[in-house]
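Have a look at the structure below, then the notes.
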Amino acid sequence: MEDKNQNRQDNRNKKGKGDENFEWSKILRMVFGWGGVIVAALIVMQMFRAGDMAEVEVTFNEYQRLLNENKIESAVIKKAEINNYYFHGKLKNEEYLNIAQGKKIKTKKFVVFLPEAGSPENIKLWNEKGINFTFEEKDSAWWTALMTLLPWLIIFGLWIFFMRRMQGGAGGTKGIFNFGKSRVRIFTENLPKVTFKDVAGCDEAKQELQEIIEFLKEPSKFQRLGARIPRGVLLLGPPGTGKTLLARAVAGEAGVPFLSISGAEFVEMFVGVGASRVRDLFEQGKKYAPCIIFIDEIDAVGRQRGAGLGGGHDEREQTLNQLLIEMDGFEPNNGIIIIAATNRPDILDPALLRPGRFDRQVVVDRPDVKGREGILKVHTRKIPLAPDVNLSVIAKGTPGLSGADLANLVNEATLIAARKNKKYVDMDDFEEAKDKVMMGMERKSLIISEKEKEMTAYHESGHVLVAKMIPEADPVHKVTIIPRGRALGVTTFLPIDEKHSYSKSYLLAMMTYALGGRAAELIIFNELTTGAGNDIERVTQIARKMVCEWGMSEKLGPIAYGSREEELFLGREITRHQEVSEKTAQLIDEEVQNIVNGCMSRAEEILRNNINILHNLAKNLLEREILDNEEIDLIIRGEELPPIKKNNHKEEELPEHVKKLLKLRKGQSDDESESSQTQDSGNPEGK
Numbered sequence: 000m001e002d003k004n005q006n007r008q009d010n011r012n013k014k015g016k017g018d019e020n021f022e023w024s025k026i027l028r029m030v031f032g033w034g035g036v037i038v039a040a041l042i043v044m045q046m047f048r049a050g051d052m053a054e055v056e057v058t059f060n061e062y063q064r065l066l067n068e069n070k071i072e073s074a075v076i077k078k079a080e081i082n083n084y085y086f087h088g089k090l091k092n093e094e095y096l097n098i099a100q101g102k103k104i105k106t107k108k109f110v111v112f113l114p115e116a117g118s119p120e121n122i123k124l125w126n127e128k129g130i131n132f133t134f135e136e137k138d139s140a141w142w143t144a145l146m147t148l149l150p151w152l153i154i155f156g157l158w159i160f161f162m163r164r165m166q167g168g169a170g171g172t173k174g175i176f177n178f179g180k181s182r183v184r185i186f187t188e189n190l191p192k193v194t195f196k197d198v199a200g201c202d203e204a205k206q207e208l209q210e211i212i213e214f215l216k217e218p219s220k221f222q223r224l225g226a227r228i229p230r231g232v233l234l235l236g237p238p239g240t241g242k243t244l245l246a247r248a249v250a251g252e253a254g255v256p257f258l259s260i261s262g263a264e265f266v267e268m269f270v271g272v273g274a275s276r277v278r279d280l281f282e283q284g285k286k287y288a289p290c291i292i293f294i295d296e297i298d299a300v301g302r303q304r305g306a307g308l309g310g311g312h313d314e315r316e317q318t319l320n321q322l323l324i325e326m327d328g329f330e331p332n333n334g335i336i337i338i339a340a341t342n343r344p345d346i347l348d349p350a351l352l353r354p355g356r357f358d359r360q361v362v363v364d365r366p367d368v369k370g371r372e373g374i375l376k377v378h379t380r381k382i383p384l385a386p387d388v389n390l391s392v393i394a395k396g397t398p399g400l401s402g403a404d405l406a407n408l409v410n411e412a413t414l415i416a417a418r419k420n421k422k423y424v425d426m427d428d429f430e431e432a433k434d435k436v437m438m439g440m441e442r443k444s445l446i447i448s449e450k451e452k453e454m455t456a457y458h459e460s461g462h463v464l465v466a467k468m469i470p471e472a473d474p475v476h477k478v479t480i481i482p483r484g485r486a487l488g489v490t491t492f493l494p495i496d497e498k499h500s501y502s503k504s505y506l507l508a509m510m511t512y513a514l515g516g517r518a519a520e521l522i523i524f525n526e527l528t529t530g531a532g533n534d535i536e537r538v539t540q541i542a543r544k545m546v547c548e549w550g551m552s553e554k555l556g557p558i559a560y561g562s563r564e565e566e567l568f569l570g571r572e573i574t575r576h577q578e579v580s581e582k583t584a585q586l587i588d589e590e591v592q593n594i595v596n597g598c599m600s601r602a603e604e605i606l607r608n609n610i611n612i613l614h615n616l617a618k619n620l621l622e623r624e625i626l627d628n629e630e631i632d633l634i635i636r637g638e639e640l641p642p643i644k645k646n647n648h649k650e651e652e653l654p655e656h657v658k659k660l661l662k663l664r665k666g667q668s669d670d671e672s673e674s675s676q677t678q679d680s681g682n683p684e685g686k
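Just so you know, we're using numbering that gives the first Met the number 0 here: the sequence shown kicks off at 0 and counts up by one.
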């Protein structure tokens, strides 16, 4: 029995894989290909029919005329009834014949109905006229009917074939009336297992799910005390945090079948298909019980009812109602545990979230520094690492990255090492990959003028110097003026510890060093640029949240003003109503302005008091393009920097068109300097 069940599960797996590989492009190619074949066949048949139409039916008098004038060359006499025949004649030359309708048609073939055509007199007459004639039996009525219906049978067969393929893609099975079947994919024990050893960074979530595994392994342990295992677990969290991986790990640890389906696969173009697929999903779950049914992106089908702008009874609502009934209706689903994942829990229907359906809601958030280190260890298990690789440092320098982001970082580092033909992946590869993932790819071919490069150096130096002079700020990790992504320069920080709540002094420090770049531009060049646009946007956002959400304004006090923007969704609140008076709104704007201007003044004061350090930072940044934390500390202390390391951006590595542009720009700058020297020598009072 186990072997039969295993074979049945394997067959279902193969069907599920086939449905995943279904592509509409293949169907379209087949439709056009077979359509061309059908059209060509119909054209050929029409040509043959056109040839048959050349044999026209003539009158008996016309037949006698042709016979008397010796114009008939040959004939085929086919029997129609007992003593009646059809005379199919062929003329020696093409000529106009009188047909039965009184018209004339030019042709060589004709047919006429002859009673008693097989009489000895007719045979003697045909022999005298030199006509080559033969007698044939009448064509079978079945054969004639078959030849008439053959094109329609071919067209109908192709239509059945395409309907099977199309409905197989929509419903998950190849039957013509099975489009209501669910597209569930069934994973059994013979597939590679994912266990909790492959999941890191979410210890609390694993602990919550451990009870489900114990229930699936030893249900009697809980049932003897009258305990009821949670029927459903809802995994909440941002994208890429490992919700699907956790669900697969639960199935792998428990050793039970794992049925996976997406919320978007329930509702398609046919009315009533969604509810039918939900019923079929739970029917299959009962066959494989005990099992786990995993519904990914359940918000696609579990959105709150009545939230849309259309009618209240749509296909999605009908599907949701059926899902609610199957999860907690009259029929018990013993041994079936539902695990669903979503990153939009706020828009789910309350009936779906109540106990009895989803008893537990497990938050799978972005990992902290310890979790990130664990995730890096999981993804580097099969990668040869150099002795200098410190995963703890990498974890501290990647705040806010999810598990998927960290997996991508490890893969990028491996690709960089392979590109350089290294045997091991070292720390430099990880640093380069981290910069690429967090700051964007280096734009080596971007041509920047010397003036713009100098302004970028002072801008980034302003960020660095202000951050170094404020005790509450995060430590500076690295600064570069190599263009990355959309930025001409980037300053990165390395937090000492993971922060979950922020003090007012920390927020003010963050805003101050964010405005350090704009302050440096204003002090050195007495000019404002668009390079500080993103800094101003972030500073304004923080200041407004300090006043409106966090109650950090001394004038307005601990009061929350306005609704949180990130919780507004269509259906919950279509129009945002005014929650503050015009006078209060004006006070809010004034407080935001005072906070931002205060941080700007503080940044300018720090830079003016340390103007020489600012010049040295910008000078070394122009020479080296990248400065790390140790080099920045040496510059601030006034010490000499070590010799410049090997430049990773040598001119010979640049593309040819970039080299030409650099030479052209260098020539233009030399011409400008020569012309300015000539003007100065010609006008000694110019100084």
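Ideal Cβ positions, reconstructed from N, Cα and C, are used throughout, including at glycine.
Which residue comes first and which comes last in the beta strand (DSSP E) that contains residue i?
| i | result |
| --- | --- |
| residue 281 | Note, residue 281: premise wrong, no beta strand (DSSP E); alpha helix (DSSP H) at 272-286. |
| residue 88 | 83-97 |
| residue 492 | 489-492 |
Looking at C-alpha atoms only, which residue of the options is the closest neighbour of residue i?
| i | options | result |
| --- | --- | --- |
| residue 196 | 248, 348, 212 and 158 | 248 |
| residue 586 | 558, 642, 122 and 609 | 558 |
| residue 237 | 478, 431 and 363 | 363 |
| residue 243 | 298, 338, 509 and 203 | 338 |
| residue 625 | 488, 509 and 526 | 488 |
| residue 113 | 59, 150 and 125 | 59 |
| residue 266 | 540, 341 and 298 | 298 |
| residue 526 | 429, 547, 552 and 453 | 453 |
| residue 116 | 349, 125 and 259 | 125 |
| residue 264 | 493, 300 and 224 | 300 |
| residue 493 | 500, 206, 555 and 399 | 399 |
| residue 91 | 106, 83, 71 and 85 | 71 |
| residue 68 | 539, 409 and 129 | 129 |
| residue 498 | 471, 601 and 150 | 471 |
| residue 688 | 290, 291 and 316 | As displayed, the chain neither begins before 0 nor continues past 686, which places residue 688 out of reach and without an answer. |
Under the three-state reduction of DSSP, which class applies to residue i: helix, strand or coil?
| i | result |
| --- | --- |
| residue 547 | helix |
| residue 265 | coil |
| residue 57 | strand |
| residue 357 | coil |
| residue 626 | strand |
| residue 123 | helix |
| residue 441 | strand |
| residue 617 | helix |
| residue 193 | coil |
| residue 198 | coil |
| residue 167 | With a pLDDT of only 49 at residue 167, under 50, the local geometry of the prediction cannot be trusted, and the value read off the model is given with reservation. DSSP places residue 167 in helix when its eight states are reduced to three. |
| residue 227 | coil |
| residue 304 | coil |
| residue 434 | helix |
| residue 253 | helix |
So who's on the other strand from residue i, going by DSSP bridges?
| i | result |
| --- | --- |
| residue 74 | 88 and 132 |
| residue 339 | 233 and 294 |
| residue 114 | 83 |
| residue 103 | 97 |
| residue 109 | 55 and 88 |
| residue 483 | 441 and 486 |
| residue 362 | 235 |
| residue 388 | Note: residue 388 sits in no beta bridge, so no partner. |
| residue 424 | 384 |
Quick one: is residue i near chain B, going by C-beta distance under 8 Å?
| i | result |
| --- | --- |
| residue 533 | As a matter of chain content, chain B is missing from the structure shown, which is built from one protein chain. |
Tell me the residue span of the alpha helix (DSSP H) that contains residue i.
| i | result |
| --- | --- |
| residue 465 | 449-468 |
| residue 476 | Segment 475-479 is the beta strand (DSSP E) holding residue 476; no alpha helix (DSSP H) there. |
| residue 397 | Counting along the chain, residue 397 falls outside any alpha helix (DSSP H), and DSSP gives it neither H nor E. |
| residue 349 | 349-352 |
| residue 218 | 218-222 |
| residue 368 | 368-378 |
| residue 585 | 581-608 |
| residue 323 | 314-326 |
Using a Cβ-based criterion (distance less than 7 Å to any ligand heavy atom), does residue i qualify as near the ligand ZN?
| i | result |
| --- | --- |
| residue 154 | The model depicted lacks the ligand ZN and carries no ligand whatsoever. |
Three CB pairs or more closer than 8 Å across the region 337-354 and the region 372-391
no
Validate contact between the region 610-627 and the region 456-469 using beta carbons, cut 8 Å, 3 pairs
yes
Would you check if the region 315-329 and the region 220-228 touch, i.e. whether three or more CB-CB distances between them fall below 8 Å?
no
Between the region 543-561 and the region 583-597, do at least 3 Cβ pairs fall closer than 8 Å?
yes
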